[in-house]
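Participant:
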Amino acid sequence: MDEVIKRAIDSVNKVFESLPSFELDSTRFRLLETRDLLNCLRETASINNELTRLFCRRLKRLMDYNESLSRGVWIELYDDIFHILKKSNSDEHTVNNRERINEVMRFEKALEERELNTQQALGNRKNLKQFLHENQTFFIKYLEKCVSLHSKIQVQGLVDNIDDSFLKTYSITSEIRHNLNVKLKYVTIDFDCSDKLFKPLKIPLTTDDGTYNRVGTSLATFLPSVKDTNIDPEDYQVETITNVLEYNRWIVILGDPGGAKTTLLRWITRIFAEFALCGRDQIALEKCRELPIRIPILIRIGEFATWLEKHQDKTLMDYIGEHTWFSEHYQDDNEAVLKELIRQGHALILLDGLDEIAEVEQRGEIVQLVRDFIGEHVHASNFFSAFDNRMFNKRPSYEKNIIEVRPPGESGGNQIIITSREVGYQFCPLVGPFIEHYSLSLMNYQQANAFIREWMSQIGEQVKDILSNEGIKLSEKDMQNFSDVRWKAMQSILKNYSQVLMENPSLLSMICTFVFQSPDSFHPKSPIEVYDHTIQISLRRWRNQQLNMSETVLIEFLIALAGYLHLNSSSGLIDEFDMTSLCRLVLKQQGVSHDRRTLNEQVKNFISSLEQGVGIFAERGLQIFGFLHLSFQEYFIAQYLVKGSADEIAQRILSIIIHPRFRQSICLAISWVNWKWPSNDYNKVLSLLVNPTKGYSIPFGTLLLFEVFDDMQSLPFDSIIFTALNNIADHPSDTIRNTYLIRSVLKLDRKMIIDYMRLHLQDEKRLANFCQSLMGSASKFDKKHLPDGKQIKSIIYQQLWSFREINPSFEFIIDQIFRRTVNLYQLSNRCFRKDLQSCLRSNHISESDIHPLILSVIIALYGGIYFGNDSGALQVAFSTQQMHCESLLIAPLIDYFDNSEESHAVKTQKLIEEYENNIEKSLPSDLSNDTIDSFVALICLQGVSHPSIYATYDGYQALTVAIDRLKRTWFYFGKKLHTFTDDDIGCNDTSVVKSEIESIMNVLVSQPGQSDEQRIALSVACASAWEKLELWDIINILNRDDDDDDEYFSHQPKFIHLFSDEKLFDIIVNINSQEKSPWLLNFLPKSLQALYRHTIITSTSLPFVVFLSQ
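Numbering (my numbering), first residue to last: 158 to 1267.
1. To which residues of the same chain is Lys-444 closer than 7 Å at the C-beta, ignoring the five residues directly before and after it?
2. Find out if the Cβ-Cβ distance for the pair Arg-406, Ala-537 is shorter than 9 Å.
3. Less than 7 Å between C-beta atoms, sequence neighbours within five positions excluded: which residues of the same chain meet that for Asn-254?
4. Counting pairs of Cβ atoms below 8 Å between the region 737–745 and the region 817–836, do you hit three or more?
5. Do the CB positions of Leu-337 and Val-316 come within less than 9 Å of each other?
6. Check each candidate in Leu-354, Tyr-1072 and Tyr-797 and name the one with the smallest Cα separation from Trp-829.
7. Closest to His-786 by CA distance: which of Ser-598, Arg-998 and Ile-773 is it?
8. Report the rounded CA-to-CA distance for Leu-1241 versus Gly-1100, giving the unit in angstroms.
9. Kindly indicate which three-state DSSP category Tyr-222 falls into: helix, strand or coil?
10. Going by beta-carbon coordinates alone, are Cys-197 and Ile-238 separated by less than 9 Å?
11. Are the region 478–488 and the region 455–470 touching, with three or more C-beta to C-beta distances below 8 Å?
12. On the three-state DSSP scale, how would you describe Glu-776?
13. To which residues of the same chain is Met-932 closer than 7 Å at the C-beta, ignoring the five residues directly before and after it?
14. Give me the Cα-Cα distance between Val-562 and Gln-501, rounded to the nearest whole angstrom.
15. Report the option in Leu-1116, Tyr-476, Leu-872 and Arg-1122 whose CA atom is closest to the CA atom of Ile-970.
16. Nearest-angstrom Cα distance between Ala-605 and Val-344?
17. Could you tell me the distance, in whole angstroms, from the CA atom of Trp-834 to the CA atom of Asp-887?
18. Mind checking which residues open and close the alpha helix (DSSP H) that includes Leu-358?
19. For Leu-664, I'd like the list of residues in its chain whose CB is within less than 7 Å of its CB, leaving aside the five on either flank, ordered along the chain.
20. What first and last residue would you give for the beta strand (DSSP E) that runs through His-917?
21. Return the chain-ordered list of same chain residues with a C-beta closer than 8 Å to the C-beta of Ser-966, the five sequence neighbours on each side being excluded.
22. Tell whether a beta-carbon distance below 9 Å holds between Met-909 and Asp-868.
23. Using the Cα positions of Glu-633 and Phe-355, report the straight-line distance between them to the nearest angstrom.
24. Residue range of the alpha helix (DSSP H) that Lys-617 falls in?
25. So, Ile-814 versus Leu-861, is the Cβ gap smaller than 9 Å?
26. Cutting at 7 Å between CB atoms, please list the residues of its own chain near Lys-266, excluding the five before and the five after it.
27. For Leu-997, tell me which candidate among Ser-1013, Ser-1036, Phe-1024 and Glu-968 has the shortest Cα-Cα distance.
28. By a C-beta neighbour count over all protein chains shown, 10 Å radius and 16 as the cutoff for buried, is Phe-1128 buried or exposed?
29. Short of 6 Å in beta carbon distance, which residues of its chain neighbour Phe-591, apart from the five on each side in sequence? Order them along the chain.
30. Is it buried or exposed for His-534, if we count other Cβ within 10 angstroms and need 16 for buried?
31. Where does Pro-553 land, buried or exposed, given buried means 16+ other C-beta within 10 angstroms?
32. With H, G and I counted as helix, E and B as strand and the rest as coil, what does DSSP make of Ile-408?
33. Considering only residues of the same chain and omitting the five flanking positions on each side of Cys-1097, which have a CB-CB separation below 6 Å?
34. According to DSSP, what are the bridge partners of Trp-482?
35. Measure how close the beta-carbons of Val-494 and Phe-295 come, nearest whole angstrom, since I'm counting them as under 8 Å.
36. Would you mind working out which of Ile-425, Gly-783 and Val-339 sits nearest Cys-350, comparing C-alpha positions?
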């Protein structure tokens, strides 16, 4: 323990010496106190104290895993040491703090007990090399099977008709034709996922009795189409597979259908198995970066669920060793070698398809079994569990990188990866403090190009070899022409059609197959066309078999089969007996035969034909059948949904819309109707879905419309789209509005956005809801453009700005959204004219050269204030790039800056006269923005305490509104600062602003002839501005027990006695009262304007005097 404490003292000293100059004295003092307590602990460490021992155990782990611990950690550890030394009492340490420390020590004790229990159960753990050697025969066969099952991907239906393909110019025998049909039935190609990228997701969590669970009240639980994950755009970054595996032991990967989740796990299984077979200790997925080898165990969750139905008392650990891949066993494991591998901590467990469990209740049971397995068998090498509480999870953002758990980038301890579709995952999520969630990135244009090139290259080589083996020699020129035609066809599809087709590897592979077959005739615009094309090819093959059975029977059987699997088979598989029974039922319903013997014979022939290769359904194992891809199964569910009239379709869809298992099928059904049906019928279906229906308080039909919006070849009527948007905008749930409204608006083109806003945002409540949603969604469309290149956000904000004249309440709503978001997302130059910026530039006037009085007018009318962090010191600054609004009163200000001949006083008087003329031209009832802005400018120039304003314009309604706007300006100054200091942790040095206050007071004292009243007024103004900016509590500034009082009021020793508690309270009250004159002193009178000329104005910070003038 002594050595650990000595290391800690050295670490504290290094942190103290590295503190920046602006660091608060309280931080320095607390670090020194921590060091002193560590010395005390070192002196008493020889005493047999359980708390001291556990504390040192934890401290050693933190120092071992982290190169250095920050000041925040050491300050927090101060409380722990204080408690251990039994110096705490109820006055100095709250009960909650003591309980936290006790919780940390209890957890440390639990970690120690886990380690002891493991040692007692297993003794000394064997390293992987030793364990593999002892079970060499088993692992050679097991790993070879992993490589065999997962080294290739099958490409089905490469050539539909030999005679119509690229061999039509060749004369071939019937034998060769037969051989080619067999060999080209499918080919296999290699696949590589090393370039896959992953986006980290933030999954909302809540704690309950020390465990982490999903927030049970989340509305997403009831939304089948919501992707209930949150990617913070400011923290957005993609990670490689090496990063994900190196730093995360417990991983959940979410993705869309066909996004290559299963392919990824198969690739990981194969690559780890290959390296293990070669006797390697490390695996390199990227150059110069190696990971420790773990033995892969890939499990399909669907097959585990099916197995569990027959073994209801078993666990996931029991299934390992019996697990299969589409009913094919990896290796007989009678001696439970894989189970022992897991106990020894050398396994990489991969669980595929957590979402493929049909029933929510059953999925919950499966998730609990997975959770139990993780909690018992997937620990870090230092015995942390995925469900242990993070000890530092509530620290500020700059403290969150503390490493508490030994990463899987070091050998030892199992690792687990789980995949699921993103939609539906929220029903039964697998969450814990250390479980990291990622989204599998889809392909961009460049990646799609690389995918196509590699696919075409491998297929071309395979076909060339097959032809060569049959004695058909194609020249290099023929092969090149063959390849070029198909490459150009794919390039045309990439360039001209929906990005949805390009970003999905499964769809893209199908498109490549069809283009390979016929490069001139396949030009899909939506996923439904790709699936339908596959089915049509399969039907042609069915016709070619010349069975005495119609295509309708085949389609009806596949629809029935898809429904059966969707509802009853989590694995997506059906055995031969059940399939035969289902086939008999369908054939009987279709009137194929009513004779039992004949019907049985027809069933036998029917299934035999399916086995011979229709191309979408096949035997996946011994007498086990299933669709080749889940998307085909979902396609036939969609075919069932689109049967009948528009009313029947809508009713059918609404009856299953809350079930996430049917989400993809419903989307395909809508796409089918959009593609195949006449416009009026299609719009009727959508109208029935969008218009509110009984039974659901959530607008499921509306959400569905926008879910499939990008796949539509022809958009529905504007009235349907606008009704759908109103359903969201008017919904009482904030979650519904904030999640879906702006996301849906962004799917529209420019004209539709403008039309919707003009026609449907005239209602005040709806406009407020729209703006509220916009504030929460602005970052999500920061880079989204319309076809003309114009940013959507600019169009939305420009349209909102045009609403300001409708009524005062609209102006208030719009002012809020512009103040909060325009600057944040750099919209000023895109939404407003640049007249002021151009004027200043042409006159070579920098923003710091603008007179404070004029600057106050600009800030009040246009904004422009922002807060900065200069090496930890808070700075208040102004920039024309940060202006959040515009006013028609820009012309007088431009004349002011263009006039270089007259003095500031003369030019200011002209401005005053200009604004007075504007007001005098208006009626007392006039509430136009021009009149209100004129009053705002006049108050800034003359001072709000100027009596002539109230005497002259008594009864003008715009005056009251102008004063409210100025008060609102103050309110947002404080809010902005509060937001900035929250986001920019560590920017707590207000010395620059404080220095400007002192400069102003020094100038005041140096002026001859200043009255007591003027000095007190300025003091009150400074205190008011300080309080309103929330830089410091005003009472703490003026009533401190230490010598810091003089720091603020030594400049006015004659008047410090005026600030008693009672008078200070009156000052604070009066600051916010319009009816008492001290509040009016927030806006200094003209008589004090000369004072500001002597204030030191830097080029990087806005003078504090501007706030006083406000």
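Where a beta carbon is used, it is the ideal one built from N, C-alpha and C, also for glycine.
Predicted model only: the values in this text are computed from it and were never measured.
Facilitator: On the basis of the supplied data:
1. Closer than 7 Å at Cβ, skipping near neighbours: no residue.
2. Between Arg-406 and Ala-537, the gap from beta carbon to beta carbon is short of 9 Å.
3. Answer for Asn-254: Asp-236, listed in chain order.
4. With a cut-off of 8 Å, the region 817–836 and the region 737–745 do not count as touching, because too few Cβ pairs lie within range.
5. Yes, they are a contact pair.
6. Distance from the Cα of Trp-829 is smallest, within the candidate group Leu-354, Tyr-1072 and Tyr-797, for Tyr-797.
7. The option with the nearest alpha carbon to His-786 is Ile-773.
8. Confidence is the limiting factor: at Leu-1241 the pLDDT is only 41, short of 50, which leaves the residue's position unreliable, though a coordinate-based value still follows. So the two alpha carbons sit approximately 5 Å from each other.
9. The three-state secondary structure of Tyr-222, taken from DSSP, is helix.
10. Contact annotation: Cys-197 and Ile-238 have beta-carbon atoms nearer than 9 Å.
11. Cβ pair count under 8 Å is three or more, so yes.
12. Assignment of Glu-776 by DSSP, reduced to helix, strand and coil, places it in the strand class.
13. Correct list, in chain order: Ile-974, Arg-977 and Thr-978.
14. Their Cα atoms are separated by approximately 18 Å.
15. The shortest C-alpha to C-alpha distance from Ile-970 to any of Leu-1116, Tyr-476, Leu-872 and Arg-1122 is the one to Arg-1122.
16. In a straight line, the C-alpha of Ala-605 is about 21 Å away from that of Val-344.
17. Their Cα atoms are separated by approximately 31 Å.
18. Counting along the chain, no alpha helix (DSSP H) covers Leu-358; the unbroken beta strand (DSSP E) around it starts and ends at 354–358.
19. Excluding sequence positions up to five before and after Leu-664, its CB lies within less than 7 Å of the CB of Gly-415, Leu-658, Pro-684 and Val-687, all in the same chain and listed in chain order.
20. Per DSSP, His-917 lies in no beta strand (DSSP E); the unbroken alpha helix (DSSP H) holding it starts and ends at 907–917.
21. The residues are Glu-921.
22. No, these two residues do not count as a Cβ contact at 9 Å.
23. Whole-angstrom Cα-Cα distance: 40 Å.
24. Note on residue identity: the sequence assigns Gly, not Lys, to residue 617. 602–626 is the span of the alpha helix (DSSP H), which, as asked, contains Gly-617.
25. Closer than 9 Å, so yes.
26. For Lys-266, the CB contacts under 7 Å within the same chain, skipping 5 residues up- and downstream, are Leu-211 in chain order.
27. Answer by Cα proximity: Ser-1036.
28. With fewer than 16 Cβ atoms within 10 Å of its Cβ, Phe-1128 is classed as exposed.
29. Here the set comprises Trp-407 and Ala-543.
30. Counting every other CB atom within 10 Å of its CB across the protein chains shown gives His-534 a total of 16 or more, marking it as buried.
31. The pLDDT assigned to Pro-553 is 44, lower than 50, so where the model puts this residue is not dependable, and the model offers no usable value.
32. Correct three-state label for Ile-408: strand.
33. Hits under 6 Å: Ser-1013, Val-1014 and Ala-1017.
34. According to DSSP, which records beta bridges pairwise, Trp-482 is partnered with Glu-485.
35. Contact between Val-494 and Phe-295 holds, since their C-beta atoms are separated by about 5 Å, short of 8 Å.
36. Scanning Ile-425, Gly-783 and Val-339 for the CA closest to the CA of Cys-350 turns up Ile-425.
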